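Asks:
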Amino acid sequence: MDPSLKVILLEKTGKLLSKVRISGGGRCNVTHACFSITDMVKRYPRGSQFLKKAFHQFFTTDTIEWFRQRGVELKTEADGRMFPVTDSSETIIQCLLREANKFGVDIRMNRDVKVLKKTQEHWLVQTEKETIQADHVCVAVGGYPKSSMFQWLSDLGHRFAEPVPSLFTFNIPNKALNELMGVSVTEAMVKIMGTKLQEKGPVLVTHWGLSGPAVLRLSAWGARELAGRDWQYRIQLNWAPAYNENSLREFIQVYRFDKASQKIGNRNPFGLPQRLWDYLLKESGIDPETRWSDLPAREQNKLVKHVCSQELEVKGKTTYKEEFVTAGGIDLSEVDPQTMMSRLHPQLFFAGEILDIDGITGGFNFQNAWTTGFIAAQCIASRS
Numbered sequence: 060m061d062p063s064l065k066v067i068l069l070e071k072t073g074k075l076l077s078k079v080r081i082s083g084g085g086r087c088n089v090t091h092a093c094f095s096i097t098d099m100v101k102r103y104p105r106g107s108q109f110l111k112k113a114f115h116q117f118f119t120t121d122t123i124e125w126f127r128q129r130g131v132e133l134k135t136e137a138d139g140r141m142f143p144v145t146d147s148s149e150t151i152i153q154c155l156l157r158e159a160n161k162f163g164v165d166i167r168m169n170r171d172v173k174v175l176k177k178t179q180e181h182w183l184v185q186t187e188k189e190t191i192q193a194d195h196v197c198v199a200v201g202g203y204p205k206s207s208m209f210q211w212l213s214d215l216g217h218r219f220a221e222p223v224p225s226l227f228t229f230n231i232p233n234k235a236l237n238e239l240m241g242v243s244v245t246e247a248m249v250k251i252m253g254t255k256l257q258e259k260g261p262v263l264v265t266h267w268g269l270s271g272p273a274v275l276r277l278s279a280w281g282a283r284e285l286a287g288r289d290w291q292y293r294i295q296l297n298w299a300p301a302y303n304e305n306s307l308r309e310f311i312q313v314y315r316f317d318k319a320s321q322k323i324g325n326r327n328p329f330g331l332p333q334r335l336w337d338y339l340l341k342e343s344g345i346d347p348e349t350r351w352s353d354l355p356a357r358e359q360n361k362l363v364k365h366v367c368s369q370e371l372e373v374k375g376k377t378t379y380k381e382e383f384v385t386a387g388g389i390d391l392s393e394v395d396p397q398t399m400m401s402r403l404h405p406q407l408f409f410a411g412e413i414l415d416i417d418g419i420t421g422g423f424n425f426q427n428a429w430t431t432g433f434i435a436a437q438c439i440a441s442r443s
């Protein structure tokens, strides 16, 4: 950062870095341990080509090094998510605040920007409390849930993609399933019926339906299509994705003779949680006291169907509270990915989720914020 620059940060609320504080359950999922730009951009349902250019300037390796140079070490978990070794988002918050203080950033709280206006020589930034004159403006306000909230930017001629929720869980009004609240499956396949959308990964049963990484990724990829359906659709679940219906039927034919004397309720061949196995048996009309050798063909077929292709009705969504993300934002064709500067207005920049960019869960949305913010700051410094 150029020490000669006077930087004023306008925060709409009375709290700084609130999304950082709650990310990753209070641990802050800083980025993802993906070091190939080609692979990384595949994690963004919207904005991947834009980021492909931007990541060449500031990537995951740069994020890790930036924090390391400021005394914050990151660790990688089995799924690739990266957190501070302290497992506390406060570590990231204090690092960012120290950096702001080091360069004398003027932080002003409760400053909701109402009007952004360009004069012949300067920008005028108007809040309820004051009007500020600026040479450069960087808009990094996050995603907006309602299109009306873009008005002060659309007044400048910028177009935006209509905002819709991106990361959300599935509401499933099924009492028998919801009674399994807290059951987690390490790997399951979830498919939106009637589409090509499907994801494999951990699934969590909640008191309102389904959550977990596979569901959240699916909600991101299907954000616009599912919003168009008013979040009413059917899903198909495969609780044992190593099998399809045919291969599972063949497996059970062999298994039932191998474990002939075993009671079905006591012998779960798929490593599923016991409560889930009991539920699947009940849905298939199978008494758990039945021995494998006595399993009728009709009930066996029902079990195969429920394990490999269970269909459920989704009616509505619930926000993923730890990391609410919106699909939508400033049209990327109107922003230069090399500088983050508006193509319509020189000296106006955008960074973060206000752009029509969003990633799946796992640190990808923060990496977008670090990358676009860094590039905008570099450009502003070079032009001052």
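Numbering (the working numbering), first residue to last: 60 to 443. All C-beta atoms, glycine included, are put in the ideal place defined by N, C-alpha and C. Note that this is a predicted model, so its numbers are computed, not measured.
(1) In whole angstroms, what separates the C-alpha of G281 from that of G201?
(2) Identify, in the order they occur along the chain, each residue of the same chain with its Cβ nearer than 8 Å to the Cβ of E382, setting aside the five sequence neighbours on each side.
(3) Which residues does DSSP list as the beta-bridge partners of W182?
(4) Tell me whether the region 321 to 339 and the region 268 to 283 touch, counting them as touching only if at least three CB pairs, one residue from each stretch, are closer than 8 Å.
(5) Quick check on DSSP: helix, strand or coil for E382?
(6) In this structure, does DSSP put H217 in helix, strand or coil?
(7) Considering only their Cβ atoms, is the gap separating K173 from Q37 smaller than 8 Å?
(8) Taking the alpha-carbon positions, what's the L339 to E304 distance?
(9) When DSSP builds the beta bridges, which residues end up paired with N230?
(10) So A333 is in the alpha helix (DSSP H); what residue range does that whole segment cover?
(11) Who are the near neighbours of W336 in its chain, counting only those whose CB is closer than 7 Å to its CB and skipping five residues on each side?
(12) Roughly how many angstroms lie between the CA atoms of K250 and K361, to the nearest whole one?
(13) For N160, count the other beta carbons within 10 Å of its own beta carbon; 16 or more makes it buried, fewer makes it exposed. Which is it?
(14) Per DSSP, Q369 forms a beta bridge with which residues?
(15) Exposed or buried, what is V356 when buried is set at 16 or more other beta-carbons lying within 10 Å of its beta-carbon?
(16) What number of angstroms, rounded off, separates the C-alpha of L64 from the C-alpha of R102?
(17) What is the rounded straight-line gap between the Cα of Q333 and the Cα of I323?
(18) For L183, which residues in the same chain have their Cβ closer than 7 Å to its Cβ, ignoring the five residues on either side in sequence?
(19) Quick one, are the C-beta atoms of G73 and N230 less than 8 Å apart?
(20) Do T431 and L414 have their C-beta atoms within less than 8 Å of each other?
Replies: Quick look at the numbers:
(1) Taking C-alpha positions only, G281 is separated from G201 by approximately 21 Å.
(2) The predicted position of E382 is uncertain, since its pLDDT is 47 and thus under 50; no value can be drawn from it.
(3) For W182, DSSP records a beta bridge to K177 and A193.
(4) Because the criterion of three Cβ pairs below 8 Å is not met, the region 321 to 339 and the region 268 to 283 do not touch.
(5) Residue confidence for E382 is low, a pLDDT of 47 falling below 50, so the modelled location carries little weight; the figure read from the coordinates is stated next. In this structure, E382 counts as coil in the three-state DSSP scheme.
(6) Coil.
(7) Because residue 37 is not part of the residues shown, which for the chain are 60 to 443, the question remains open.
(8) Roughly 15 Å between the two C-alpha positions.
(9) In DSSP, N230 forms a bridge with G268.
(10) Correcting the residue identity first, residue 333 is Gln in this sequence and not Ala. First-last of the alpha helix (DSSP H) with Q333: Q333 to E342.
(11) In its chain, beyond the 5 residues on either side, N327 have a beta carbon closer than 7 Å to the beta carbon of W336.
(12) Within the model, the alpha-carbon separation for K250 versus K361 is close to 19 Å.
(13) Here N160 is exposed. Its C-beta has fewer than 16 other C-beta atoms within 10 Å.
(14) Answer by DSSP bridge pairing, in chain order: L296.
(15) The question names Val, but residue 356 is Ala in the sequence shown. Flag for A356 reads exposed.
(16) Here the alpha carbon of L64 sits roughly 35 Å from the alpha carbon of R102.
(17) Roughly 11 Å separates the two Cα atoms.
(18) Counting only Cβ-Cβ distances below 7 Å, and skipping sequence neighbours, we find K176, T190 and Q192.
(19) Pairing G73 with N230 gives a Cβ-Cβ distance that is not under 8 Å.
(20) L414 is positioned such that its CB atom lies closer than 8 Å to that of T431.
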